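Q: Shown below is the structure under consideration.
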Amino acid sequence: MEGHGVFKQTSAAPTVYVNYITKISGSGATAVGPGAQVNNFQTVPSREDIRVHPNDANVSHGGARNINVGREEQVYQDTYTYEGARPGRRSSASERNPGSYCLPNVTEEYYQQRFGSKWTPKPTKFIDRQQDCADETLSKESFLQDVDKSLKEFESSGGPLKEQKKEVILLQVLPYLEQSWRKASSQKMDAYMILAKLSSCKSCGEVAKHALQQFQYLLFRDNLDSCKESLLKVEKIVRSSIISSDAVFKEEADSAREVRLSVYKRILSLICIHQIQASFSTVDFKQDLKKLQQDLKQYCTQICYKKKNYFRYSMEFIQGAISYLLRGSSRATATNLGDCLDNCRSLLEDQESDVMQEFPEKLKKIVKKAKAGDWFDLHCVLCYLHGKVHSERPTPEMCIERQALILFRRIVEAYQEGGGRDDWRFCLLVGSLLSDIVMNNMTKELRIEAGGCMINLLKDKKLQKKPECRVILERVSSEMLFSPDPVTKMLFANQLLENQSFQQPLPEDLHVQHLRNRYRNQTLEINKPTISQGQKYFVKHGMFQGKEVIVKILYVTKQDILASDSPNHSRKREKIISEAYSLRRLRCFNHPNIAILLGCNTKSLPYHVITEYERNGNLLHFVQASRRNDELLPTAMLLEMLLNIIEALLFLENHGLVHRALMAENILVGDDYRCKLSGMHALRKLQKGTAEDGRNNDEMYDYCTSDECCLEVVCDDDGDESVRSKAPECILKKSYSTASDVWAFGVLMYEVFTYGCRPYRNIPGDNDVAKHVAYNNGMPPCESCFQDEEFALMRKCWERNRSRRITLCSLKGGLQKLHEIAMDPESEEKPRDNPPPLDICINDKFCQCDEKGDDAPTRYNEEDGPLVKEKITNADKNHLRRLFKLNTPPTLAKISKIDNLDSHYPVVEIISTDPPLGNLKDYVLNRRCQLGDIVVFLSQVASALHFLHVNHIVHGDLRAEYVNVVAPDKVEVTRFGRSLLLPKRANESTSASCVVQRNMPPDATRWSAPEVIQDNNYSHASDVWAFAVLAWELYTAFATGQEHRDYSIPYRSHAAEEVIHQIRNVGPLSRPDGCPDWVYIVMHQCWAFDPVQRPPFIAIFDCLTTRQPMDSWLMSLWKERHEKSEWPDLPITQTENACHIINKDKDCIKDIIEQMCNDG
1 MEGHGVFKQT SAAPTVYVNY ITKISGSGAT AVGPGAQVNN FQTVPSREDI
51 RVHPNDANVS HGGARNINVG REEQVYQDTY TYEGARPGRR SSASERNPGS
101 YCLPNVTEEY YQQRFGSKWT PKPTKFIDRQ QDCADETLSK ESFLQDVDKS
151 LKEFESSGGP LKEQKKEVIL LQVLPYLEQS WRKASSQKMD AYMILAKLSS
201 CKSCGEVAKH ALQQFQYLLF RDNLDSCKES LLKVEKIVRS SIISSDAVFK
251 EEADSAREVR LSVYKRILSL ICIHQIQASF STVDFKQDLK KLQQDLKQYC
301 TQICYKKKNY FRYSMEFIQG AISYLLRGSS RATATNLGDC LDNCRSLLED
351 QESDVMQEFP EKLKKIVKKA KAGDWFDLHC VLCYLHGKVH SERPTPEMCI
401 ERQALILFRR IVEAYQEGGG RDDWRFCLLV GSLLSDIVMN NMTKELRIEA
451 GGCMINLLKD KKLQKKPECR VILERVSSEM LFSPDPVTKM LFANQLLENQ
501 SFQQPLPEDL HVQHLRNRYR NQTLEINKPT ISQGQKYFVK HGMFQGKEVI
551 VKILYVTKQD ILASDSPNHS RKREKIISEA YSLRRLRCFN HPNIAILLGC
601 NTKSLPYHVI TEYERNGNLL HFVQASRRND ELLPTAMLLE MLLNIIEALL
651 FLENHGLVHR ALMAENILVG DDYRCKLSGM HALRKLQKGT AEDGRNNDEM
701 YDYCTSDECC LEVVCDDDGD ESVRSKAPEC ILKKSYSTAS DVWAFGVLMY
751 EVFTYGCRPY RNIPGDNDVA KHVAYNNGMP PCESCFQDEE FALMRKCWER
801 NRSRRITLCS LKGGLQKLHE IAMDPESEEK PRDNPPPLDI CINDKFCQCD
851 EKGDDAPTRY NEEDGPLVKE KITNADKNHL RRLFKLNTPP TLAKISKIDN
901 LDSHYPVVEI ISTDPPLGNL KDYVLNRRCQ LGDIVVFLSQ VASALHFLHV
951 NHIVHGDLRA EYVNVVAPDK VEVTRFGRSL LLPKRANEST SASCVVQRNM
1001 PPDATRWSAP EVIQDNNYSH ASDVWAFAVL AWELYTAFAT GQEHRDYSIP
1051 YRSHAAEEVI HQIRNVGPLS RPDGCPDWVY IVMHQCWAFD PVQRPPFIAI
1101 FDCLTTRQPM DSWLMSLWKE RHEKSEWPDL PITQTENACH IINKDKDCIK
1151 DIIEQMCNDG
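The numbers in full-length UniProt numbering rise by one with no breaks, and the one at position 310 of the sequence shown is 310.
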């Protein structure tokens, strides 16, 4: 028997591609390469199941035959040749047309023998397992024999050796430590000791960071039974990494510092608890604790006004723990904490006790103390109970765990009763502990119980009105949207995503954080900007198993969470399932021109695919970039890249597969400019078809005749392939084959040789392109930059009758000839004309403003007149779609269009009309209005903001410069690029108390509320603060004029970083000249430091549009709270000709305002 094949070997050695003569002894078969046919196979496994070891002369096959390789195989490392009888092509003996894709007499038996099992995409989960290094000195066993010595050698090493040692630590030692920690309690302290040493590594921040993260993960799951005095040794190592002269803490990033402090906080809590229970001595390290306490006090003075986060909480807890330990063991055991721990232990051990009814007085006492501000004891008790709840131990003690969680919940409820629940520290600790139980506990019952406790916290109305508490709990609760329990996910989705549409995706950061936690042992890091973003997925650059990777993540929507158990997959989920399945099937061949899969999961949300990172991005952007570098890529390089793509297509053809999404955007360019085929979501298995199945009645289109039995696949979906790359049969009959890939390859050649031009660039509409190709024999035009031989190959790809199109093998030969000519030093390369221009780029002219961010609006001209553009990177595209569709009132600028909203490009451009009279700041500076007009303008701005808030949108960057003047008495609010959607809950009628977090742009500091500057918390109230600053701008601008415009900059005499201290220590901005007293009173109420105390925009609008503003609801409330001596001179009446005055039903307005105030 003669044959030709491609064989897959086991994972222990590299893949070998054989294309030469082999001899097989015994009664087996003989394979004689290339171009042979296969006979005599009785049982042929799937091609993917055939394995050959390159160093093994005897390979068992089917349990019956021994194959002896009689001569050395020829191994193709860089080039793949598939010259045999391929699917979709006649054999050489019967071939009448060298370019035919038709194979006569194809039987089902032949097809099954050739291609093996069916190609049926289904959900899959895969991680590329790293093999242990063959060098025994670079193994976890060698490292663990003498950790101190190994770590010292690692610190002093460099270059490739250091990288190898780092991979051993991250991918072998750390996972092993977690495994040993789970096996027995006796091994926990050993694991902690090693992790403490690794986390103190000074020469490699990556090792220190991942060791810290694992240390934190394990400490959170410690049931507190294994703590011995040896924990003091661990404490000493961690403490040294914080306060020693060369401490790594001083050099690392804030995120790593936060984890380090969290680890040390947990260690100190363990020591405090076990000092009470075991009374071991802490005398030896008291002096060190005093030094640490002094250092932390000094550091805390620097962060006293900083964010209310885990970093600050850990600092404060550590100080409390140090104070506790310095009291001495005799006093410590007599404190409330010791009694409370004794009460807890007795309740947990007594299986007959009813924890909900038997709530000890001691616990009630420390709860009461915590409400009064002395919270350390209560937090230690909660940490103790949390450790008892976790069942990640060899022998779960279910009764104790259930009792511990019930007691934990009872303490939380007691703390909520009668006040005290607005302490952000309590919310942070309880939220993080409950989240950990919900996401990681091994018992479903406990996970659901913890989720219910968290839901009750979220529903607490008093807590909802405290922005910092609300933000903390919503942030930790959002992680539970990926809970392993469908019931829990549904509860949190209905609670947190009430005002979101079913198709609105969750924030990108939430997807990324969940994947980081999931791939903790594979050291996944995703910290870099988004590479591309579509409607259904986004792509990030990261690190995985020590390699640079691309992570494609499918957006999770509310609908996905609510229907996560449904067996039916949406279209978008089917595509990523198909992509992951295809890449995993192809992964075993390790083809150099196909994207390499390193990990994927399409069984649980969020669906994602992790592939190797290719440094030069996709081919389309790569060739386009060479235009900007003023040095176009040479012809030889272009041909080399095209040959790489041909190799990948030949590989797919040999396996009976069709790509269906071939275009430059789906080609990745790596090191040495090697191209790799991606876009595998559209991959399909070819099937046997007939002309009767797919004939088109249109005489202009010709399928293969019925006796040709073409291999094809008919698909309802288009594989996301651009219509500009589709062959006629794809457009007319949705029929795909290797021949349709050849057509698409010809279009790809057009993209490459024009250096990134869009195919059919002179036809604007895709529908027009489809008609042109399907009915007019259309094809891309010959450009002046093409050489004759190049376009001749393209024309062969675009034969209308697919049976006459050039084969991939012949196409490869033609490209090789062109490449040889281009590489021949003796031949002169024909001069190539400049390629056609890409889309016309407009030079932006920046609007004049005092301070600009990178996304500042820009002005440019078009035929229809001047326009303004905002370039927003990594925008929430779904929010922008919703904003674009809003039926906006006259007081809001109309968005003309949003470019790139439906593309994968991460930068969107919001286009709006340039106002005829400019922006409001310049309009007032030039005194083109009267002083009394400012109240008119303010009332219109208040109306616009009220509309946004009713639609649960925060403007996020309100200032006078971003208000357009469209008529002398009419303004409209613009600048929506920084707007945010508020997450309204199920039990809320408005979004008045909702908060959303985003990093504050540095240029917005002077207009931002304190909670925005400190904690990045945006809400209705933060817009109200900015509105008052805007009012101050207008009155100051009118008073100073254009010649002194700098005086109208808020806090002009202070640097941006000093603004928050100015607000705290001095107060808000002073009353500008010309500003009426009653208007400044409104402004002053908008500047309340507590966001809850600020009025809603409906109340501000009511006041500004009332004939006698001091009789408005807002001013009536103000008068009730102030002595008459503080009132401005009455009566105050706005002028008769004021166009903004509205006759209102006072009772109706009052009800609406009070509803907003009650909700907020």
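Don't be surprised by glycine CBs; every beta carbon is placed ideally from N, CA and C. Note that the structure is a prediction, hence the values are computed from the model and not measured.
Any idea what DSSP makes of residue 479, helix, strand or coil?
A: Indexing the sequence shown from 1 puts residue 479 at position 479. The answer is helix: DSSP assigns residue 479 an H, G or I state.
Q: Note down, in chain order, each residue of its chain lying with its Cβ closer than 6 Å to the Cβ of residue 679, except the 5 sequence neighbours on either side.
A: Indexing the sequence shown from 1 puts residue 679 at position 679. 661, 666, listed in sequence order.
Q: Compare the C-alpha of residue 534 against each of 907, 1041, 1061 and name the closest.
A: Position 534 of the sequence shown, counting from 1, holds the residue named residue 534. It is 907 whose Cα lies nearest to the Cα of residue 534.
Q: Rounded to whole angstroms, what's the CA-CA distance from residue 1101 to residue 942? Just pull it up for me.
A: If you number the sequence shown from 1, residue 1101 lands on position 1101. If you number the sequence shown from 1, residue 942 lands on position 942. Looking at the two C-alpha atoms, the distance is approximately 6 Å.
Q: With DSSP as the reference, label residue 768 as helix, strand or coil.
A: Position 768 of the sequence shown, counting from 1, holds the residue named residue 768. In the structure shown, residue 768 sits in a helix (DSSP, three-state: H, G or I).
Q: Roughly how many angstroms lie between the CA atoms of residue 818 and residue 726, to the nearest whole one?
A: In the sequence shown, counting from the first residue as 1, residue 818 sits at position 818. In the sequence shown, counting from the first residue as 1, residue 726 sits at position 726. Spanning the two alpha carbons is a distance of roughly 25 Å.
Q: Count the C-beta pairs between the segment 1090 to 1109 and the segment 1052 to 1072 that are closer than 8 Å, then say yes if the count reaches three, no if not.
A: No: the two stretches stay apart, fewer than three of their Cβ pairs being nearer than 8 Å.
Q: Could you tell me which residues DSSP puts in a beta bridge with residue 909?
A: Along the sequence shown, one-based indexing puts residue 909 at 909. Answer by DSSP bridge pairing, in chain order: 871, 899.
Q: Given residue 586, which residues of its chain have a CB within under 6 Å of its CB, disregarding the five upstream and five downstream residues?
A: Residue 586 sits at position 586 when you count from the first residue of the sequence shown. Closer than 6 Å at the Cβ level, and outside the excluded window around residue 586, lie 594.
Q: Run through the segment 235 to 321 for me and flag every whole alpha helix (DSSP H) of 4 or more residues, listed as ranges in chain order.
A: Entirely contained in the segment 235 to 321, the alpha helix (DSSP H) runs reaching 4 residues are, in chain order, 254 to 278, 286 to 302.
Q: What does DSSP give as the partner residues of residue 363 in its beta bridges?
A: Within the sequence shown, residue 363 is the residue found at index 363, counting from 1. Residue 363 pairs with nothing; no bridge assigned.
Q: Of the choices 322, 367, 323, 381, whose alpha-carbon is the least far from that of residue 341?
A: One-based indexing of the sequence shown puts residue 341 at position 341. Checking every option, the nearest Cα to that of residue 341 belongs to 381.
Q: Quick check on residue 598: does DSSP put it in helix, strand or coil?
A: For this step, residue 598 is matched to residue 598 along the sequence shown. Three-state result, residue 598: strand.
Q: Can residue 343 and residue 363 be called in contact, C-beta distance under 8 Å?
A: The sequence position of residue 343 within the sequence shown is 343, counting from 1. The sequence position of residue 363 within the sequence shown is 363, counting from 1. Contact: yes.
Q: Counting only runs that start and end within the segment 604 to 665, where is the alpha helix (DSSP H) found for 4 or more residues in a row?
A: Counting whole runs of 4 or more residues, the segment 604 to 665 contains the alpha helix (DSSP H) stretches 619 to 628, 635 to 654.
Q: Below 7 Å CB to CB, which residues in the same chain sit around residue 243 once its five sequence neighbours on both sides are set aside?
A: Taking the sequence shown and counting its residues from 1, one reaches residue 243 at position 243. The answer, listed in chain order, is 291, 292, 295.
Q: Rounded to the nearest angstrom, what separates residue 751 and residue 629 at their Cα positions?
A: Within the sequence shown, the letter at position 751 stands for residue 751. Within the sequence shown, the letter at position 629 stands for residue 629. Roughly 18 Å separates the two Cα atoms.
Q: Roughly how many angstroms separate the alpha carbons of residue 265 and residue 318, rounded to a whole number?
A: The residue you call residue 265 lines up with position 265 of the sequence shown. The residue you call residue 318 lines up with position 318 of the sequence shown. Using only the alpha carbons, I get a separation of about 6 Å.
Q: Using a Cβ-Cβ cutoff of less than 6 Å, which residues in the same chain neighbour residue 1068 once the five nearest sequence positions on both sides are dropped?
A: Indexing the sequence shown from 1 puts residue 1068 at position 1068. The residues are 1087.
Q: Identify whether residue 965 lies in helix, strand or coil by the three-state DSSP scheme.
A: Looking up residue 965 in the sequence shown gives position 965. Correct three-state label for residue 965: strand.
Q: From the DSSP secondary-structure annotation, give me the bridge partner or partners of residue 675.
A: Residue 675 sits at position 675 when you count from the first residue of the sequence shown. In DSSP, residue 675 forms a bridge with 669.
Q: Quick check on DSSP: helix, strand or coil for residue 125?
A: Working through the sequence shown from its first residue, we reach residue 125 at position 125. Residue state, collapsed to three classes: strand.
Q: With DSSP collapsed to three states, give me the class of residue 544.
A: Working through the sequence shown from its first residue, we reach residue 544 at position 544. Strand.
Q: Within the same chain, show all residues whose beta-carbon is closer than 7 Å to that of residue 741, passing over the 5 residues directly before and after it, in chain order.
A: Here residue 741 is taken as the residue at index 741 of the sequence shown, counted from 1. Same-chain partners within the cutoff: 649, 658, 659, 662.
Q: Specify whether the segment 153 to 165 and the segment 180 to 191 touch according to this definition: at least 3 beta carbon pairs, one from each stretch, less than 8 Å apart.
A: No, because fewer than three Cβ pairs between the segment 153 to 165 and the segment 180 to 191 fall closer than 8 Å, the two stretches do not touch.
Q: Any idea if residue 988 is buried or exposed, counting beta-carbon neighbours within 10 angstroms, 16 or more meaning buried?
A: In the sequence shown, residue 988 corresponds to position 988, counting from 1. Flag for residue 988 reads buried.
Q: Among all the DSSP beta bridges, which residues are the ones paired with residue 970?
A: Taking the first residue of the sequence shown as position 1, residue 970 is located at position 970. Beta-bridge pairing links residue 970 to 967.
Q: Work out the CA separation of residue 1082 and residue 609 for me, nearest whole Å.
A: Here residue 609 refers to the residue found at position 609 when the sequence shown is read from its first residue. Here residue 1082 refers to the residue found at position 1082 when the sequence shown is read from its first residue. Straight-line Cα distance between these residues: approximately 53 Å.
Q: Under the three-state reduction of DSSP, which class applies to residue 916: helix, strand or coil?
A: Within the sequence shown, residue 916 is the residue found at index 916, counting from 1. Coil at residue 916, not helix or strand.
Q: So which of 316, 385, 372 has the shortest CA-CA distance to residue 346?
A: The residue given as residue 346 occupies position 346 in the sequence shown. Ranking 316, 385, 372 by Cα distance to residue 346 puts 385 first.
Q: If residue 121 and residue 532 are in contact, beta carbons under 8 Å, what's the gap, nearest whole angstrom?
A: To locate residue 121, count along the sequence shown from 1; it is residue 121. To locate residue 532, count along the sequence shown from 1; it is residue 532. With 8 Å as the limit, residue 121 and residue 532 do not qualify as a contact, their Cβ atoms being about 23 Å apart.
Q: In the DSSP assignment, the beta strand (DSSP E) including residue 151 goes from what residue to what residue?
A: Translated into the one-based positions of the sequence shown, residue 151 becomes position 151. Residue 151 -> not in any beta strand (DSSP E); alpha helix (DSSP H) instead, spanning 147 to 156.
Q: Tell me the rounded alpha-carbon separation between residue 760 and residue 551.
A: As a first step, residue 760 must be located in the sequence shown, where it is residue number 760. As a first step, residue 551 must be located in the sequence shown, where it is residue number 551. Computed Cα separation, rounded: 32 Å.
Q: Given 7 Å as the limit, tell me if residue 544 has its C-beta closer than that to any heavy atom belonging to the ligand FAD.
A: Of the ligands one can find in the structure shown there are none, so the ligand FAD has no counterpart to examine.
Q: Going by beta carbon distance, what residues of the same chain come within less than 6 Å of residue 427, once the five residues before and after it are set aside?
A: In the sequence shown, residue 427 corresponds to position 427, counting from 1. Only 469, 472, 473 meet the Cβ criterion.
Q: Is the separation between the beta-carbon of residue 447 and that of residue 485 shorter than 8 Å?
A: Translated into the one-based positions of the sequence shown, residue 447 becomes position 447. Translated into the one-based positions of the sequence shown, residue 485 becomes position 485. Cβ distance < 8 Å, so residue 447 and residue 485 count as in contact.
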